[in-house]
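Right, one structure below, let's go through it.
In the numbering used here, the protein residues as written are 4 to 217.
Right, here's the structure in full:
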């Protein structure tokens, strides 16, 4: 790849990732300032979902999925990369605004003593709980961004002749979303709201009417 081609790839697309600086500052500021949420999110369904500490691994695999999908789309399918950034970053911004206007949180996390198990997954789970307060949960950014990645990746040129790759992306995304409730990081309400947010953009960018235009 020559220097001109590389510059074309870098501009104007790579700088979109600068949004992460804004997002992280905003997110952690809210995390520190909203310590007593006004709205506690809960559904009777939450009480029926068992806690499983081993799902902390698919939960944390979100970071791997994020890096992999973003890098692959940026390098091989710029149009899909642009759509991913639009879907994911606008959705994340909307979630942060909701957290400010309607400060919400959870009260469903079990204690380590109540679980009564000691293993590596449980140790990791407790570290996550200490680092991530149970506030700013609805809609779930974890699920919203995961769905956006699955939508953008499965709609990209990378999966056109590889249906197994598309299926793998959706299975991975489903595991991550399931992990948010199985580790008690989120209520089922958070998950539904996060997925609904991603679905709106999915319809706008990938709906049947869009295909007819293309």
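Cβ atoms here follow ideal geometry from the backbone N, Cα and C, with glycine treated the same way. All of these numbers come straight from a predicted model, not from anything done at the bench.
When DSSP states are grouped into helix, strand and coil, residue 197 belongs to the helix group. In the DSSP secondary-structure assignment, residue 42 is bridged to 107. The shortest CA-to-CA distance from residue 140 to any of 155, 71 and 190 is the one to 190. When secondary structure is reduced to three states using DSSP, residue 203 falls in the helix class. Note: residue 140 is not bridge-paired with any residue in the DSSP secondary-structure output. Residue 109 sits close to residue 44, with the two beta carbons spaced by under 7 Å. Apart from the 5 residues on each side of it in sequence, residue 97 has no Cβ closer than 6 Å to any other Cβ in its chain. Proximity of the stretch 148 to 166 to the stretch 82 to 98 meets the contact definition, three or more beta-carbon pairs being nearer than 8 Å. The alpha-carbon of residue 21 is positioned some 34 Å away from that of residue 123. Here the alpha carbons of residue 164 and residue 40 stand approximately 47 Å from one another. In this structure, DSSP gives residue 162 a helical state, which the three-state scheme calls helix.
Excluding sequence positions up to five before and after residue 197, its CB lies within less than 6 Å of the CB of 142, 143, 146 and 147, all in the same chain and listed in chain order. Straight across, the Cα-Cα distance linking residue 186 with residue 200 is about 22 Å. Fewer than three beta-carbon pairs drawn from the stretch 45 to 59 and the stretch 164 to 174 are found closer than 8 Å, and the two stretches are therefore not classed as touching.
The C-alpha of residue 117 lies about 44 Å from the C-alpha of residue 19. The Cβ atoms of residue 33 and residue 102 lie closer than 7 Å to each other. DSSP places residue 123 inside the alpha helix (DSSP H), whose first and last residues are 123 to 134. Distance from the CA of residue 75 to the CA of residue 25, rounded to the nearest whole angstrom, comes to 23 Å.
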